[in-house]
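Quick note: the sequence shown uses this note's numbering, first residue 33, plus one each step.
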Amino acid sequence: IVGVCASAVLIRGVAGCLKNKLNEPPLIAVAEDGSTVVPLLGGHHGANDLAIKIAKFLDISPAITTAGDLRFGIALDEPPEGFVLTNPEDVKHFTAELLSGECVSLSSEDKPATTDYMPGFYKWLQDSRLPFSEKAKLRISLATKPIPGNADHLVFQIVPEIPAKNIVVGVGCERGTDPEELNTLVWNTLQENDISPERVAVVVSLDLKADEPAVHAVAEYLSGKSGVLCTARFFDADTLEAQTSKLKNPSEIVFEEVGCHGVAEGAALAAAGDTGVLLVPKVKSSGRSGPARISRSG
């Protein structure tokens, strides 16, 4: 989200939707006269990088304020391609410890690391200003399989082939649906169709559901399951109605209620684009939640 306006306007606009940093969209404020560009949210989810690009285009300096970037020249929750941080929830504490003066050691699957192993990863660390020490309290490990991490130990797993994030999950639900029920429906549907949560780019629905906690909970849940940001996005009824000819299960009842013949299927197809394919049509929960549909973009 890029707003050419005062930062306060953007902050007030999104304040009620914020829950945790794993689920924040990149939010950037650009001064109307082009004198300043400030990443407000999602600095490590693309906002800092986009702000730098905008600043370069405007020939100004971006106002990067994230402490880790400023002090150490690195965002630990944004590893290079081919690696994934397995315990992103520990980055905040880990960075705070670094900022308080702690040092960090480097290892590979609990064995001393060598700089000629996985050069791209180590170059990413060595190009930073992290305070390395063999006897440090903090530790960064490189692993080929999941190993436990903690607040003082970040684990980066080698992912030889990162799954393409080209899956869209469309959801619809009754007002006040239990978030856990909708999470379970989506998770089971993904598992039954052999779809990795790492491939889900976005959870989508009708804009009337923009304030529905259960929909946002699904995006947050999938972010936690995969360790990769998944956001929620919403479309108006006209946009979803334009997908009617592609729906597997159009509904006149739904049309009479909200102005489109399908919410979850329509939203999934709208987000997937013209070349998108509906992979999983209408899957309903036995409880109060509505259906979930899954499509693939491109």
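Backbone N, C-alpha and C fix where the C-beta goes; we use that ideal spot for every residue, glycine too.
Span separating the alpha-carbon of residue i from that of residue j
{"i": "Leu279", "j": "Val201", "result": "15 Å"}
{"i": "Glu129", "j": "Arg265", "result": "35 Å"}
{"i": "His185", "j": "Phe126", "result": "8 Å"}
{"i": "Val315", "j": "Ser173", "result": "40 Å"}
{"i": "Gly35", "j": "Ser139", "result": "42 Å"}
{"i": "Val123", "j": "Pro282", "result": "45 Å"}
{"i": "Ser165", "j": "Leu73", "result": "32 Å"}
{"i": "Ala99", "j": "Thr307", "result": "41 Å"}
{"i": "Ser228", "j": "Ile106", "result": "28 Å"}
{"i": "Ser317", "j": "Pro120", "result": "31 Å"}
{"i": "Cys205", "j": "Lys241", "result": "8 Å"}
{"i": "Val136", "j": "Val260", "result": "24 Å"}
{"i": "Val312", "j": "Pro112", "result": "32 Å"}
{"i": "Ser258", "j": "Leu162", "result": "27 Å"}
{"i": "Gly133", "j": "Phe188", "result": "22 Å"}
{"i": "Ser13", "j": "Ala38", "result": "A query on residue 13 cannot be resolved here, the shown segment of the chain reaching from 33 to 330 and no further."}
{"i": "Ala183", "j": "Asn80", "result": "24 Å"}
{"i": "Gly45", "j": "Asp239", "result": "15 Å"}
Residue i classed as buried or exposed, judged by whether at least 16 other C-beta atoms fall within 10 angstroms
{"i": "Asp142", "result": "Because the pLDDT at Asp142 is just 46, under 50, the model does not fix this residue reliably, and the point stays unresolved."}
{"i": "Gly181", "result": "buried"}
{"i": "Gly208", "result": "exposed"}
{"i": "Asp109", "result": "buried"}
{"i": "Asn52", "result": "exposed"}
{"i": "Gln9", "result": "Lying outside 33 to 330, the shown extent of the chain, residue 9 is not represented and no answer is given."}
{"i": "Asp148", "result": "Residue placement at Asp148 is poorly supported in this model, since its pLDDT is 43, which falls under 50; the coordinates still yield a value, given next. Asp148 should be labelled exposed."}
{"i": "Ile285", "result": "exposed"}
{"i": "Gly298", "result": "buried"}
{"i": "Cys49", "result": "exposed"}
{"i": "Thr146", "result": "Residue placement at Thr146 is flagged as unreliable, the pLDDT there being 45, under the threshold of 50; a coordinate-derived value is accordingly withheld."}
{"i": "Pro178", "result": "exposed"}
{"i": "Thr97", "result": "exposed"}
{"i": "Glu288", "result": "exposed"}
{"i": "Asp65", "result": "exposed"}
{"i": "Asp101", "result": "buried"}
Per DSSP, the bridge partner or partners of residue i
{"i": "Ala1", "result": "Coverage of the chain is limited to positions 33 through 330, which leaves residue 1 absent and any answer about it impossible."}
{"i": "Ala264", "result": "Val235"}
{"i": "Pro71", "result": "Ile60"}
{"i": "Asn182", "result": "His185"}
{"i": "Gly35", "result": "Ala61"}
{"i": "Phe164", "result": "Val136"}
{"i": "Val116", "result": "Gln189"}
Heavy atom of the ligand MG within 7 Å of residue i beta-carbon
{"i": "Gly78", "result": "Absent from the structure shown: the ligand MG. Ligands present: none."}
Between the stretch 262-270 and the stretch 289-307, do at least 3 Cβ pairs fall closer than 8 Å?
yes
Entirely enclosed alpha helix (DSSP H) segments - the stretch 266-302, minimum 4 residues
269-273 and 284-290
**OP:** Counting only runs of 4+ residues fully inside the stretch 41-65, write out the alpha helix (DSSP H) ranges in chain order.
**Re:** none
- Query: Is it a yes or a no for the stretch 157-177 touching the stretch 206-226, going by three-plus beta-carbon pairs under 8 Å?
  - Reply: no
inquiry  = Closer than 8 Å is the cut-off here; do at least three beta carbon pairs connect the stretch 60-71 with the stretch 93-102?
reply    = yes
What residue ranges within the stretch 76-113 form continuous alpha helix (DSSP H) runs of no fewer than 4 residues, ordered along the chain?
79-90 and 99-104
Three or more beta-carbon pairs under 8 Å between the stretch 231-247 and the stretch 211-220, yes or no?
yes
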